[in-house]
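Colleague:
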Amino acid sequence: MTISPERADELAAALYQARLTREPIPPLTDADPSLTMEDGYLVQQGIVRRYLEDGDSIVGYKLGLTSKPMQEMLGVGSPDFAPVMASHVNIDGAAVAATDYISPKLEAEIALVLGEDLSGPRCTPLDVLRATEGVVAAQELVDSRVADWKIKLPDTVADMASSGAIVLSGRAVPVTDVDLRLIGMVFTRDGDVVATGAGAAALGDPAAAVAWLVRTLHGLGDSLKAGSVVMTGALHAAVPVQAGETYRAEFDRLGPVTVRIV
């Protein structure tokens, strides 16, 4: 790491305040060009601690930057991740206020619900499939507390992987009934197609994406717990949203999940 715990906590405080006020801040890497991904995770931990101190709880994890379109859009070459907070979870058909965010975008994703714990440095996609209780259609609203989305990998890692909110279908499909790689998806705005994708966009296989997360968490002394929801990453480039729009992601075998932007 290149920064001290004290500096990391200062940056965490600035990002957490930006979340509360919806006033973005300059890229962290402008003031600290030598920031590493590990530094970003240290900052992220400071934000998570503040959520927990405010009475929130962790219900799972989100993976980001698992698809080539998203990596190319942000000019990075590695996935990232962050905890999903309970206060960020919404159910199918939710109305989400655009004014609660700075520069919101939506992504369609496949979410896995774990029935068993997952841990260790050698976790494989097969291990993930064995531990998965259900597969759920999902959307993620991403946002950046960094002005104008001018982020490098340490910036988005620090900013809770640019998390905002998630929307989950109420219908879970047994993982044995689907091939995660082949699940197709059509994403529409007010009925017009704006993106398409398939499960293979997430590191080639959503189960491989989750296995990557488990191995990475192991290196940080953490693991995934039974009952966790894991957002496996966008299947397309994120779509900017505005109030008055309705977005529907229709997944093969999983069904639809809808969110209204108000």
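Quick note on the working numbering: the sequence shown kicks off at 64 and runs consecutively. C-beta: ideal position from N, C-alpha, C; glycine also.
1) How would you call glutamate 179, buried or exposed, if buried means at least 16 neighbouring beta carbons within 10 angstroms?
2) Could you have a look at tyrosine 164 and say whether DSSP puts it in helix, strand or coil?
3) According to DSSP, is threonine 217 helix, strand or coil?
4) Three or more beta-carbon pairs under 8 angstroms between the stretch 142 to 152 and the stretch 161 to 171, yes or no?
5) Are glycine 227 and valine 191 closer than 7 angstroms when you measure CB to CB?
6) Roughly how many whole angstroms lie between the Cα atoms of aspartate 211 and proline 87?
7) Looking only at its chain, what residues have a beta carbon closer than 8 angstroms to the beta carbon of alanine 76, apart from the 5 residues adjacent to it on each side?
8) What residue range is occupied by the uninterrupted alpha helix (DSSP H) comprising alanine 274?
9) Count the other CB atoms, across all protein chains shown, that sit within 10 Å of the CB of glutamine 80; report buried if there are 16 or more and exposed otherwise.
10) Going by other Cβ atoms of all chains shown within 10 Å of its Cβ, with 16 needed for buried, is glutamate 172 buried or exposed?
11) Per DSSP, what kind of secondary structure is arginine 82 in: helix, strand or coil?
12) Pull up the DSSP beta-bridge partners for lysine 125, would you.
13) With distance defined between alpha-carbon atoms, name the residue in Ser120, Thr92, Arg311 nearest to alanine 158.
14) Answer yes if the stretch 122 to 129 comes into contact with the stretch 181 to 200, meaning at least three C-beta pairs across the two stretches below 8 angstroms, and no otherwise.
15) Sort out for me which residues DSSP pairs serine 226 with in a bridge.
16) Let me know the secondary structure DSSP gives isoleucine 110 once reduced to three states.
17) Just reading off the alpha helix (DSSP H) that proline 188 is part of, what are its end residues?
18) First and last residue of the beta strand (DSSP E) that includes alanine 265?
19) When DSSP labels each residue in this structure, what does aspartate 117 get in the three-state scheme?
20) Under 8 angstroms Cβ to Cβ from serine 286, same chain only, skipping five residues before and after it: list those, please.
21) Do alanine 265 and glutamate 170 have their C-beta atoms within less than 7 angstroms of each other?
22) How many angstroms separate the CA atom of serine 130 from the CA atom of serine 97?
23) Less than 7 angstroms between C-beta atoms, sequence neighbours within five positions excluded: which residues of the same chain meet that for leucine 74?
24) Does threonine 65 come out as helix, strand or coil in the three-state DSSP assignment?
Modeller: The answer reads as follows:
1) Position 116 of the sequence shown, counting from 1, holds the residue named residue 179. Counting Cβ neighbours within 10 Å, glutamate 179 comes out exposed, since fewer than 16 surround it.
2) Taking the sequence shown and counting its residues from 1, the one referred to as residue 164 is at position 101. Coil.
3) Start at 1 with the first residue of the sequence shown, and residue 217 comes out as number 154. According to the sequence as given, residue 217 is proline; it is not threonine. If DSSP states are grouped into helix, strand and coil, proline 217 belongs with the helices.
4) no
5) Sequence index remark: in the sequence shown, residue 227 carries index 164 (1-based). Sequence index remark: in the sequence shown, residue 191 carries index 128 (1-based). Going by C-beta atoms, glycine 227 is not nearer than 7 angstroms to valine 191.
6) As a position in the sequence shown, residue 211 is number 148, starting the count at 1. As a position in the sequence shown, residue 87 is number 24, starting the count at 1. Whole-angstrom Cα-Cα distance: 8 angstroms.
7) Within the sequence shown, residue 76 is the residue found at index 13, counting from 1. Once the five neighbours on either side are set aside, the close Cβ partners of alanine 76 are Gly109, Arg113.
8) Here residue 274 corresponds to residue number 211 of the sequence shown, with the count starting at 1. From DSSP, the alpha helix (DSSP H) with alanine 274 extends over 269 to 282.
9) Locating residue 80 in the sequence shown gives position 17, where the first residue counts as 1. By the neighbour-count rule (16 or more Cβ atoms within 10 Å), glutamine 80 is not buried but exposed.
10) As a first step, residue 172 is located in the sequence shown; it is residue number 109 there, counting from the start. When all chains shown are included, glutamate 172 counts as buried.
11) Taking the first residue of the sequence shown as position 1, residue 82 is located at position 19. DSSP places arginine 82 in helix when its eight states are reduced to three.
12) Position 62 of the sequence shown holds residue 125. Beta-bridge pairing links lysine 125 to Ala145, Met294.
13) Sequence index remark: in the sequence shown, residue 158 carries index 95 (1-based). Minimum Cα distance to alanine 158 is reached at Arg311.
14) no
15) As a position in the sequence shown, residue 226 is number 163, starting the count at 1. According to DSSP, serine 226 bridges with Val205.
16) As a working note, residue 110 is residue 47 in the sequence shown. Looking at isoleucine 110 - three-state DSSP - the assignment turns out to be helix.
17) Residue numbering aside, residue 188 sits at position 125 when the sequence shown is read from its first letter. Taken as a continuous stretch (DSSP letters only), the alpha helix (DSSP H) holding proline 188 covers 188 to 194.
18) Mapped onto the sequence shown, residue 265 falls at position 202. Note, alanine 265: premise wrong, no beta strand (DSSP E); not H, not E.
19) Numbered from 1 along the sequence shown, position 54 holds the residue referred to as residue 117. DSSP places aspartate 117 in coil when its eight states are reduced to three.
20) Start at 1 with the first residue of the sequence shown, and residue 286 comes out as number 223. These residues qualify, in order along the chain: Asp180, Leu181, Ser182, Gly183, Val277, Leu280.
21) Taking the sequence shown and counting its residues from 1, the one referred to as residue 265 is at position 202. Taking the sequence shown and counting its residues from 1, the one referred to as residue 170 is at position 107. Not closer than 7 angstroms, so no.
22) To locate residue 130, count along the sequence shown from 1; it is residue 67. To locate residue 97, count along the sequence shown from 1; it is residue 34. So the alpha carbons of these two residues sit roughly 26 angstroms apart.
23) The count along the sequence shown starts at 1 and reaches residue 74 at position 11. Once the five neighbours on either side are set aside, the close Cβ partners of leucine 74 are Leu91, Val106, Ala221.
24) By one-based count along the sequence shown, residue 65 stands at place 2. Here threonine 65 sits in coil by DSSP.
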